[in-house]
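Peer 1: Handing you this structure, nothing more for now.
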Amino acid sequence: MAHSKIKIAVIIGSLRSNSYTSRALNIVIDEFKKYKDVECEVFDPKDLHLNFPGKAAHPGNKDFQERVAKANGIILATPEYHGSYSSVIKLVIENLGYPSVISGKPVALLGVADGQIGAIKALEHLRSVCSHIGAIVLPSPVSVAGAHKIFDEQGRCSEPKVEARIRALATDLVKFIKRHTSSSISLEDIVRDTK
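Here it is as structure tokens:
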């Protein structure tokens, strides 16, 4: 019997096509492809039925919540706007319900900005929100600075150290899941394989 795959939900916090945030996330996704036991599902807010708080939920919202709830780990990626995370990523979080379906799940954070200090403020604020809703926020979020200088139109990163940090975010999330939750993912499969 095959072992269960680790499922990662990758959530983009930008509506812009070919945004720097999505370019950075493509590196994360590429890193996940190196693991045969990992599958990731990308959630683009353009394809979701996001409602403002207080409005009746769209029927498609339940499907979104259920798919994210099945994930063993989450990547949240946001651009930094006006010293904080995007309104899009906040709306995504609001649409994950309360109590949130990411409560108790490991979450890795990625922030992308044009400025010299990157998305540090956005990541601080996003960490606080994620902690408040019960997510297990991994240490060492990745903040990418000067995005317009390091990503080309094809999404390639011209800074090897930055690319290595982005890839490490994916690796660190997989390692955390394997170290802290893999026994609950596939214990039954392991026991059955030994008989």
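Count along the sequence shown starting at 1, add 1, and that's the number in this note's numbering.
C-beta: ideal position from N, C-alpha, C; glycine also.
These numbers come from a predicted model, not from an experiment.
#1: In the structure shown, what three-state DSSP assignment does Leu-110 receive?
#2: Alpha carbon to alpha carbon, how far is Pro-60 from Ile-28? Give it in angstroms, no decimals.
#3: Are the beta-carbon atoms belonging to Val-11 and Phe-44 less than 8 Å from one another?
#4: Restricting to runs no shorter than 4 residues, where is the alpha helix (DSSP H) found entirely within the stretch 67-124?
#5: Look up Ile-9 in the DSSP assignment and give the residues it is bridged to.
#6: Counting only runs that start and end within the stretch 140-165, where is the beta strand (DSSP E) found for 3 or more residues in a row?
#7: Identify, in the order they occur along the chain, each residue of the same chain with its Cβ nearer than 6 Å to the Cβ of Cys-131, setting aside the five sequence neighbours on each side.
#8: Can you tell me whether Ser-15 is buried or exposed, with buried defined as 16 or more other CB within 10 angstroms of its CB?
#9: Three-state secondary structure (DSSP) at Ile-137?
#10: Could you tell me whether the stretch 56-76 touches the stretch 87-103, using the rule of 3 or more Cβ pairs below 8 Å?
#11: How big is the Cα-Cα spacing for Thr-182 and Asp-38?
#12: What residues in its chain sit with their C-beta under 8 Å from that of Lys-196, if we drop five residues either side in the sequence?
#13: Is the distance from the Cβ of Leu-127 to the Cβ of Leu-77 below 8 Å?
#14: Given a threshold of 16 other Cβ atoms within 10 Å of its Cβ, counted over all protein chains shown, does Ile-1 qualify as buried or as exposed?
#15: On the DSSP letters alone, give me the boundaries of the alpha helix (DSSP H) that Thr-22 sits inside.
#16: Near Asn-19, which residues of its chain fall below 8 Å by C-beta distance, leaving aside the five closest residues on each side in sequence?
#17: Measure the beta-carbon distance from Ile-121 to Ser-144 and round it to whole angstroms, keeping in mind my assumption that it falls under 8 Å.
#18: Using three-state DSSP, classify Leu-16 as helix, strand or coil.
#19: What whole-angstrom Cβ distance do Ala-25 and Val-113 have, given they're in contact under 8 Å?
Peer 2: Taking the geometry as given:
#1: If you number the sequence shown from 1, residue 110 lands on position 109. Three-state result, Leu-110: strand.
#2: As a working note, residue 28 is residue 27 in the sequence shown. As a working note, residue 60 is residue 59 in the sequence shown. If you take the alpha carbons of Ile-28 and Pro-60, they lie about 32 Å apart.
#3: The count along the sequence shown starts at 1 and reaches residue 11 at position 10. The count along the sequence shown starts at 1 and reaches residue 44 at position 43. Yes, these two residues count as a Cβ contact at 8 Å.
#4: 88-95
#5: Residue 9 sits at position 8 when you count from the first residue of the sequence shown. Beta-bridge pairing links Ile-9 to Cys-41 and Gly-74.
#6: If only complete runs of 3 or more residues are kept, the stretch 140-165 shows the beta strand (DSSP E) at 143-145, in order along the chain.
#7: Locating residue 131 in the sequence shown gives position 130, where the first residue counts as 1. Leaving aside the five residues that flank Cys-131 on each side, the residues in its chain whose CB is nearer than 6 Å to its CB run, in chain order, Val-108 and Val-138.
#8: Reading the sequence shown from its first residue, position 14 is the one you call residue 15. So Ser-15 ends up on the buried side.
#9: For the purposes of this step, residue 137 is identified with residue 136 of the sequence shown, where counting begins at 1. In the structure shown, Ile-137 sits in a strand (DSSP, three-state: E or B).
#10: yes
#11: For this step, residue 182 is matched to residue 181 along the sequence shown. For this step, residue 38 is matched to residue 37 along the sequence shown. Distance from the CA of Thr-182 to the CA of Asp-38, rounded to the nearest whole angstrom, comes to 14 Å.
#12: As a first step, residue 196 must be located in the sequence shown, where it is residue number 195. Per-residue confidence for Lys-196 stands at a pLDDT of 46, beneath the threshold of 50, marking its modelled position as unreliable; no derived number is given.
#13: The residue labelled residue 127 in the question sits at position 126 within the sequence shown. The residue labelled residue 77 in the question sits at position 76 within the sequence shown. Taking the C-beta atoms as reference points, Leu-77 is found nearer than 8 Å to Leu-127.
#14: Any property of residue 1 remains undetermined from this structure, which presents the chain solely from 2 to 196.
#15: Taking the first residue of the sequence shown as 1, we reach residue 22 at position 21. Where Thr-22 is concerned, the enclosing alpha helix (DSSP H) stretches over 21-33.
#16: Residue numbering aside, residue 19 sits at position 18 when the sequence shown is read from its first letter. Hits under 8 Å: Glu-154 and Gly-156.
#17: Counting from one through the sequence shown, the residue named residue 121 turns up at place 120. Counting from one through the sequence shown, the residue named residue 144 turns up at place 143. Indeed they touch by this definition, with Cβ atoms about 5 Å apart.
#18: Residue numbering aside, residue 16 sits at position 15 when the sequence shown is read from its first letter. Of the three classes helix, strand and coil, the one that applies to Leu-16 here is coil, per DSSP.
#19: Start at 1 with the first residue of the sequence shown, and residue 25 comes out as number 24. Start at 1 with the first residue of the sequence shown, and residue 113 comes out as number 112. Right, the Cβ-Cβ distance comes to about 5 Å (below 8 Å), so this counts as a contact.
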